[in-house]
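The working numbering puts the sequence shown at residues 920 to 1136. Here is the structure we will look at, set down as structure tokens.
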Amino acid sequence: MKTTHKEIDTVLSTLQRKLGTSTMLGRMGKKYDAFKVLISTILSARAKDEVTEEVAEELFKKYPDAKHLARAKKPDVAKIIRRIGFYNAKSENIIKSSKIIIEKYKGKIPTKLNELLTLPGVGRKVANCVLVYAFKKDAIPVDIHVHRISNRLGWVKTKTPEETEKELMKLIPKKHWQAVNDTFVTFGKTICTPISPFCSKCPIYKHCKRIGVKRSR
920 MKTTHKEIDT VLSTLQRKLG TSTMLGRMGK KYDAFKVLIS TILSARAKDE VTEEVAEELF
980 KKYPDAKHLA RAKKPDVAKI IRRIGFYNAK SENIIKSSKI IIEKYKGKIP TKLNELLTLP
1040 GVGRKVANCV LVYAFKKDAI PVDIHVHRIS NRLGWVKTKT PEETEKELMK LIPKKHWQAV
1100 NDTFVTFGKT ICTPISPFCS KCPIYKHCKR IGVKRSR
């Protein structure tokens, strides 16, 4: 049976009411400008949120905007962000992206998906995060949590985050797009965990098909 808009409304509103939203990107979107949201999101790949936040704060003290970061030397940046994974590649990417932003976009962060995707280190998830958290544009950033939960609920049957994004855009009313990432990431880190989720205390248990769940708590 196809998931209805009413069920989607119920699931998202219930999760937001019961769990709230407290993601790193949600917090950064409230206190940072678009440049800092972009750089923070690039840094966050395969890194713990608390480490990313600390490293980003330190980085922005020395390089507060694209102009400063574009002039930075890679070893200096790498030294600051060395606590996160792939720091060498990320150092190179954020410096290159800053140069492109200065040279091609006159210091402004692009507001279109296809333009964001031309920046080094920016894939669909990062680009969509910038659209949602920096510009409040309608998009669905799909990370491991959104991908896992959407399949577990039975909303989609997909193998990659890219496929999940396309299917969710067809399924979910546009008014909810901006909230999906924040809502599911919070849910995925607290209750709907990858292995042995806490189904016994799940506020949307009756709406979940529990696809792929072999063991739960």
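A virtual CB, placed ideally from N, CA and C, is assigned to each residue, including glycine. Everything numeric in this text was worked out from a predicted model, so none of it was measured.
Query, Result
"Applying the 10 Å Cβ sphere with the 16-neighbour rule, what's the burial state of Trp-1102?", "Before going further, note that residue 1102 is Thr rather than Trp in the sequence given. The residue is buried, with at least 16 neighbouring Cβ atoms inside 10 Å."
"Nearest CA to the CA of Ala-966: which residue from Lys-993, Glu-926, Lys-1009?", "Lys-1009"
"Determine contact between the stretch 1020-1036 and the stretch 1044-1063, defined as no fewer than three beta-carbon pairs at a distance below 8 angstroms.", "yes"
"Locate the alpha helix (DSSP H) running through Arg-1071, then write down its first and last residues.", "1063-1072"
"Take the Cβ of Asp-995 as the centre, count every other Cβ of all protein chains shown within 10 Å, and call the residue buried at 16 or more, exposed below.", "exposed"
"Pull up the distance between the alpha-carbon of Leu-1050 and that of Thr-1105, whole angstroms please.", "19 angstroms"
"Should Phe-1117 and Arg-1136 be called a contact, given that it needs their Cβ atoms to be closer than 8 angstroms?", "yes"
"Is there contact between the stretch 1029-1046 and the stretch 1000-1015, where contact requires at least three CB pairs shorter than 8 angstroms?", "yes"
"Please state whether DSSP places Ile-1130 in a helix, a strand or coil.", "coil"
"Anyone know if the C-beta pair for Val-1099 and Leu-1087 falls short of 8 angstroms?", "yes"
"Would you kindly work out how many angstroms separate the C-alpha atoms of Lys-1108 and Ile-1063, rounded to a whole number?", "11 angstroms"
"How many whole angstroms separate the CB atoms of Leu-931 and His-1095, which I take to be in contact at a CB cut-off of 8 angstroms?", "6 angstroms"
"For the candidate residues Tyr-1024, Ile-1003, Glu-1034, whose alpha-carbon lies nearest to that of Glu-973?", "Ile-1003"
"With the cut-off set at 8 angstroms, would you say Pro-1060 and Thr-933 are in Cβ contact?", "no"
"Could you tell me the distance, in whole angstroms, from the CA atom of Met-920 to the CA atom of Leu-988?", "51 angstroms"
"Taking just the CA atoms, how far does Arg-1071 sit from Gly-1131?", "6 angstroms"
"Between which two residues does the alpha helix (DSSP H) carrying Thr-960 extend?", "953-963"
"Do Lys-955 and Met-947 count as a contact pair if the criterion is CB distance below 8 angstroms?", "yes"
"Classify Arg-1067 as buried or exposed, calling it buried when 16 or more other Cβ atoms lie within 10 Å of its own Cβ.", "buried"
"How long is the line joining the alpha carbons of Ile-927 and Ala-991, rounded to whole angstroms?", "46 angstroms"
"Take Lys-953 as the anchor and find which of Ser-1017, Thr-1079, Lys-1076, Thr-1112 has the nearest alpha-carbon.", "Checking the sequence, you will find Ala at residue 953 rather than Lys. Closest option to Ala-953, Cα to Cα, is Ser-1017."
"Can you tell me whether Ser-1135 is helix, strand or coil according to DSSP?", "coil"
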